[in-house]
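In the working numbering, the protein residues as written are 2 to 313.
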């Protein structure tokens, strides 16, 4: 698909982009998006199921577009958002003109409509509290996206510690097959074993060395590591080695349940980050302390912005 010259489109290397590929999946996704958005608009954002679906897609897109590079940055961001959330929920009546809860007023206002929050019908007989007039319980997208950034970072850290045995095995197998193809038929059995074994060992070590280089970069170590190290693509190993990610996700669910219980017991709107931030950060700290990786975790930095790019 040609790109108009007036747009002056460039890629990440500042090279001019004259065209972009257009796939059938792009057209399908566009049609689905237009249908969902049109249906939500026709319902005047009143269908909470449809609105929640679009809100979840927006939250997922946020996590796909935005990433944190280190746990130090994550800690500062989460604690800062926690202070902001708590202040505007509990302290805002002290400085707002009408003595109102600013966060609750904005969240339940008819002016703020659309997929900016998740809405859940209130359980019959539950306490109404300050928002008794509002027919839904709600969860803001920020309460999903902010801890979600930490979960994504934990997953990338897990990926940086994974050992991709399958990639090493595939590289070794290819090296063996290539060495066999280059035989002239005059080699003895011992020579064949030596040649194929050496080729497999070299290919295996090459993948291991690249993984080590990537780990060194994530720890700020560049001894013997070039400036232009090509990051390894994320492998299938991450699917079964997700210790930090799982711990953070369980902590998120636990924190969310605590927020719901506090809301029901007190009858007051609760800043969800008050429960989500301590629980998720505590999960990261406890797992790293148990594994003796606190220092490594503190030094970790995701230096591979192209880590999600698949190789051709």
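No residue lacks a Cβ here, since even glycine has one placed at the ideal position from N, Cα and C.
Sequence-distant residues of the same chain with beta carbon closer than 6 Å to residue i, five excluded per side
i: residue 309; result: For residue 309, the predicted model reports a pLDDT of 40, less than 50, meaning its position is unreliable; a value from the coordinates is still stated below. Same-chain partners within the cutoff: there are none.
i: residue 252; result: 280, 281 and 284
i: residue 153; result: 64
i: residue 286; result: none
i: residue 207; result: none
i: residue 86; result: 272 and 274
i: residue 205; result: 169 and 173
i: residue 263; result: 271
7 Å CB neighbourhood of residue i in its chain, flanking five on each side removed
i: residue 3; result: 19 and 20
i: residue 53; result: 119 and 120
i: residue 266; result: none
i: residue 144; result: 273, 274 and 277
i: residue 59; result: 116 and 142
i: residue 297; result: 220
i: residue 249; result: 151, 152, 155, 281, 284 and 285
i: residue 159; result: 239, 242, 243, 244, 245 and 246
i: residue 76; result: 282
i: residue 6; result: none
i: residue 1; result: The structure shown does not extend to residue 1, since the chain is modelled only from 2 to 313, so the question has no answer here.
Residue i burial status per 10 Å Cβ neighbour count (16 or more: buried)
i: residue 212; result: buried
i: residue 178; result: exposed
i: residue 203; result: exposed
i: residue 214; result: buried
i: residue 272; result: buried
i: residue 245; result: buried
i: residue 180; result: buried
i: residue 161; result: buried
i: residue 50; result: exposed
i: residue 9; result: exposed
i: residue 293; result: exposed
i: residue 195; result: exposed
i: residue 218; result: buried
i: residue 90; result: buried
i: residue 83; result: buried
i: residue 256; result: buried
i: residue 29; result: exposed
i: residue 26; result: exposed
i: residue 34; result: exposed
i: residue 270; result: buried
i: residue 172; result: buried
i: residue 184; result: exposed
i: residue 23; result: exposed
i: residue 39; result: exposed
Beta-bridge partners of residue i, as assigned by DSSP
i: residue 279; result: Answer is none; residue 279 lacks a bridge partner.
i: residue 11; result: 17
i: residue 122; result: 137
i: residue 3; result: 20
Cβ neighbours of residue i in the same chain (closer than 8 Å, five flanking residues each side left out)
i: residue 259; result: 276 and 280
i: residue 156; result: 239, 243, 245 and 246
i: residue 56; result: 116, 117, 118, 119 and 142
i: residue 73; result: 299
i: residue 78; result: 69, 147 and 150
i: residue 46; result: 52, 114, 115 and 116
Rounded distance between the beta-carbons of residue j and residue i, thought under 8 Å
i: residue 200; j: residue 176; result: 4 Å
i: residue 71; j: residue 302; result: 5 Å
Is the region 186 to 202 in contact with the region 141 to 156, if contact means three or more CB pairs nearer than 8 Å? Contact between the region 186 to 202 and the region 141 to 156 is absent, because fewer than three Cβ pairs lie under 8 Å.
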